[in-house]
Ligand code: UDP
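Numbering (my numbering), first residue to last: 1316 to 1652.
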C-alpha cells in the first residue's frame, strides 16, 4: 500500500519522499523530470518517469503498487511564465490534475493531498489571510491551482475521496541532513537568489520595490521551512487516513519578514556582504501576505521544527554550498585527461 508522490523529484516533493521514507512508508514517485532530478529521489524509492496526465500509466501505477493515497506536487510554478503561456499552465496544472484525480477516483484511492498555493488569494485585502478569504488569483498559475482545488472538492463530494488542500506560503530552506534542496537553475525565489548572491554565483541582488507601505518599504512574506511543510503533509495524511473530513489549510508560520530582513539574515549566516540594488516593483506583488494558521494548528497536531529565519537561511546556504561543490567535481570529471 504505497503512497504515490507526483513531482517527487522536485524541490518540495523530494523532501516529502524523505519524510515518508523516514516514517517507514512505502513510496512511489511519478515525475516527468522537466524540472526535477532523478538523483533527488531517495535510492530505495521507485521513480517512474512520465506525465500525471498519462492515464494508462497512472492506472497501472495505482494497480501495481496498490496506491491508496496520492500526494500531488507535479506542476509548473513560475508565475510570469504562466502569464506568458497560460494554456501550457492550464494543461500541465489543471488538465493533468483532472486526469490524475479521475484515475485516483476510479482506482479506489482513498486520500488525496494537493499542493496548492497562497496565490489563490491574489492580492488579499488583509495582511493576515485565513482560508475563508476570497480566492481571486491574479495569475494563470493561481487560477490553474484554484481550478484543481475546485475539481477536488466536487470529485471528493461526488465519489467520497477525502482530500487535503494545502496552500503554501513562501517555501524555503533544505533538508537539514543535506540530502536534498532547491536545485532548480535560474530560480527566482528570494532566499535562493540571496544565497546564490552571497556565494558569488550572482553579481548582485535586486530588491523589487522599496516604496511599499511596510516598515522598511519592502514586501513582507511568510517563509516556511520545506521540512516543516513536509511534516505538515505527513500529519495531513495521518488525519485523512484516520477518517477526518476533507480540509483546506494555509501552510506558513503566521509571521512575516521583509525582503530587507531576509537579505540581512543571509548576509549574517554567510558572513559576507554582497551587492544589493533597488529595482522597480515586480508586477503583481502584494505588499504583505502572511498565513493565518489557526486552522492549521487546530486541524493538525503539527509542531514546526524550524520556525526561525536564521535556521531556514543556514540550511539553504548549506545546500547551495553542496551544489557548488558538486558542480566543481562534475566539471573536473568532464575535463579531458
Ligand atoms: N524579491 C526581490 N528580489 C528577488 C526575488 C524576490 O526583491 O530577486 C522579492 C519579491 O518581490 C517578493 C519577495 O521577494 O516581494 C518574495 O518573492 P519570491 O519570488 O521569493 O516569492 P513570491 O512571494 O513571489 O511567491
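C-beta atoms are modelled at their ideal positions from N, C-alpha and C, and glycine is treated no differently.
Beta carbon of residue i nearer than 8 Å to that of residue j
i, j, result
"residue 1601", "residue 1573", "no"
"residue 1426", "residue 1384", "yes"
"residue 1422", "residue 1317", "no"
"residue 1430", "residue 1470", "no"
"residue 1368", "residue 1414", "yes"
"residue 1533", "residue 1575", "yes"
"residue 1397", "residue 1498", "no"
"residue 1605", "residue 1535", "yes"
"residue 1480", "residue 1452", "no"
"residue 1625", "residue 1507", "no"
"residue 1566", "residue 1456", "no"
"residue 1326", "residue 1577", "no"
"residue 1636", "residue 1514", "yes"
"residue 1642", "residue 1543", "no"
"residue 1587", "residue 1509", "no"
"residue 1376", "residue 1424", "no"
"residue 1489", "residue 1338", "no"
For residue i, the nearest candidate out of the options (CA to CA)
i, options, result
"residue 1360", "1519, 1334, 1589", "1334"
"residue 1358", "1548, 1465, 1344", "1344"
"residue 1366", "1579, 1340, 1412", "1412"
"residue 1448", "1640, 1608, 1625", "1608"
"residue 1638", "1550, 1586, 1495", "1495"
"residue 1463", "1558, 1410, 1509", "1410"
"residue 1454", "1438, 1337, 1468, 1322", "1438"
"residue 1734", "1399, 1477, 1569, 1545", "Given that the chain is displayed from residue 1316 to residue 1652, the structure contains no residue 1734 and the question cannot be resolved."
"residue 1418", "1328, 1387, 1356, 1457", "1387"
"residue 1617", "1634, 1545, 1379", "1545"
"residue 1321", "1400, 1342, 1564", "1342"
"residue 1352", "1485, 1586, 1328", "1328"
"residue 1622", "1537, 1523, 1336", "1537"
"residue 1379", "1319, 1349, 1340", "1319"
"residue 1525", "1593, 1445, 1354", "1593"
"residue 1446", "1646, 1522, 1599, 1611", "1611"
"residue 1405", "1461, 1355, 1370, 1354", "1461"
"residue 1522", "1579, 1467, 1564", "1579"
"residue 1559", "1528, 1613, 1648", "1613"
"residue 1516", "1569, 1640, 1354", "1640"
"residue 1340", "1647, 1553, 1350", "1553"
"residue 1407", "1549, 1349, 1444", "1349"
"residue 1444", "1585, 1568, 1473", "1568"
"residue 1354", "1650, 1374, 1330", "1330"
"residue 1527", "1395, 1356, 1595, 1450", "1595"
"residue 1432", "1564, 1401, 1500", "1564"
"residue 1356", "1400, 1336, 1473", "1336"
Cβ distance (whole Å) where residue i is taken to contact residue j below 8 Å
i, j, result
"residue 1324", "residue 1372", "Not really, about 16 Å apart at Cβ, beyond 8 Å."
"residue 1562", "residue 1512", "With 8 Å as the limit, residue 1562 and residue 1512 do not qualify as a contact, their Cβ atoms being about 38 Å apart."
"residue 1551", "residue 1571", "In fact, because the Cβ distance is near 23 Å, the residues do not count as touching under 8 Å."
"residue 1615", "residue 1547", "6 Å"
"residue 1503", "residue 1393", "7 Å"
"residue 1520", "residue 1591", "5 Å"
"residue 1346", "residue 1364", "7 Å"
"residue 1485", "residue 1428", "No, residue 1485 and residue 1428 are not in contact; Cβ-Cβ is about 20 Å, not under 8 Å."
Cβ of residue i within 8 Å of any chain D Cβ
i, result
"residue 1584", "No chain D appears in the structure shown, which is made up of a single protein chain."
Ligand 1 site residues, beta-carbon cut 6 Å against heavy atoms: 1485, 1503, 1504, 1505, 1508, 1520, 1521, 1522, 1523, 1534, 1536, 1574, 1597, 1600
Give the list of continuous beta strand (DSSP E) stretches no shorter than 3 residues that lie fully inside the segment 1378–1450. 1384–1387, 1426–1432
My parser needs the alpha helix (DSSP H) runs of 4 or more residues fully inside the segment 1493–1557; what are they? 1505–1513, 1541–1556
Contained beta strand (DSSP E) runs [length at least 3] in the segment 1546–1624, N- to C-terminal order: 1562–1566, 1591–1594, 1603–1606
Runs of alpha helix (DSSP H) wholly within the segment 1325–1360 (minimum 4 residues, chain order): 1326–1337
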